[in-house]
Amino acid sequence: MADLEKLVEELSQLTVLEAAELVKKLEEKWGVSAAAPVAAVAAMPAAGAAAAAEPVEEKTEFDVVIKDAGPKKIETIKVIRQLTNLGLVEAKQMAETAGAKVLTGVSKEVAQDAKAKLEAAGAVVEVV
């Protein structure tokens, strides 16, 4: 059996990057996720080790939010209608409402495409 005190001492000397690499290798070898072991890594003296070891979740759903219809409000309304299939009145209200969500829960590609179309029409848009 391994000398646990020696092992603890050696692990305490790891840098944050080395600790993250160790976590990845153990995940691969044992076929597990580091969700529970990350708490043990956080107890190590190396500050921030847990943050570096946690996998970053990549966002998959985006919202397209209109900040301002811009100088060509009619063009913006037309694009909103194309993207959402809303009626003229609803699209006009959306264009006039700062912070209105034109599209919600769409993929990154769809959100970027919608943003490009709305910006081409003169609107100020944000992908959240």
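Heads up: take any position in the sequence shown, counting from 1, add 138, and you land on this note's numbering. From the three backbone atoms N, C-alpha and C, an ideal C-beta is built for every residue, glycine too.
- Under DSSP, Leu241 forms a beta bridge with Val202.
- The region 160-172 makes no contact with the region 205-212: fewer than 3 CB pairs, one atom from each, lie closer than 8 Å.
- Under the three-state reduction of DSSP, Val263 is assigned to strand.
- In this structure, the alpha-carbon of Gly260 lies about 47 Å from that of Glu159.
- Straight-line spacing of the CA atoms in Leu149 and Ala157 works out to 8 Å.
- In this structure, Val240 places its C-beta atom within 8 Å of the C-beta atom of Leu221.
- Distances from the CA of Ile218 to each of Lys162, Thr198 and Ala254 were compared; the closest alpha carbon is that of Ala254.
- Phe200 places its beta carbon less than 8 Å from that of Val265.
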